[in-house]
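Notes to accompany the following structure.
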Ligand code: ZN
């Protein structure tokens, strides 16, 4: 089931999310719905606060796009992160153009460490601890920010933030359009 995504300006995106345990109700179904919602919106990551649930749960996945047939292939590198913790960040940083399903039509270069040491529980509550890099590390850091009440525009320079203020205010006011389902105020 595709769930509506909450936009920038929603209080849940500013909350510190709570850890969960195995007793969390209907978790399997929730995770499946989060993957469906993410792929349905062409995203590569989705954090639970983005579907209005302040819990420490993230899904990440990449689907290769075939230009010839204009279809998506089987998802690759799917990662369900429950209660993820960044244990250490590498010293090397780089910029990468990020977007966010909660912040439609804004894409900005964000500076982040290229590698992190990450500890998390998977969907079976098995613990993993790995040093990760590449797109996985990038998306994981963006999504873990969501669990801590942060969004990627918070990480931009004061000048860029000023330049984006009107667009962000418009999103907060509900003035935006997306091809995927968003939660609207008073609905
Ligand atoms: Zn995001």
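Residue numbers (the numbering used here): 2 to 188. Ideal placement from N, C-alpha and C gives every residue a C-beta, glycine not left out.
Item                                                                                                          : Value
Distance cut-off 8 Å: residue 80 Cβ against heavy atoms of ligand 1                                           : no
Alpha carbon of residue 188 to alpha carbon of residue 92, nearest angstrom                                   : Note that residue 188 scores a pLDDT of 48, beneath 50, so its modelled location is shaky and nothing firm can be said.
Assigned secondary structure, residue 52 (DSSP; H/G/I helix, E/B strand, else coil)                           : helix
Proximity winner among 27, 43, 48 and 85, relative to residue 123 (alpha-carbon distances)                    : 85
Residue 27 versus residue 34: straight-line alpha-carbon distance, rounded                                    : 11 Å
Segment limits, beta strand (DSSP E) that includes residue 162                                                : Residue 162 -> not in any beta strand (DSSP E); alpha helix (DSSP H) instead, spanning 159–173.
Whole-angstrom C-beta distance between residue 129 and residue 139, which should lie under 8 Å                : That pair is no contact at about 18 Å.
Where residue 127 falls: helix, strand or coil (DSSP)                                                         : coil
Short Cβ contact (9 Å threshold) for residue 47 with residue 13                                               : no
Classification of residue 44 by the beta-carbon crowding that lies within 10 angstroms, buried from 16 upward : buried
Which residues DSSP lists as bridging residue 98, in chain order                                              : 110
Closer than 8 Å: residue 51 CB and nearest ligand 1 heavy atom                                                : yes
Proximity of residue 105 and residue 179 at Cβ, strictly below 9 Å                                            : yes
Three-state secondary structure assigned by DSSP to residue 188                                               : Residue confidence for residue 188 is low, a pLDDT of 48 falling below 50, so the modelled location carries little weight and cannot support an answer.
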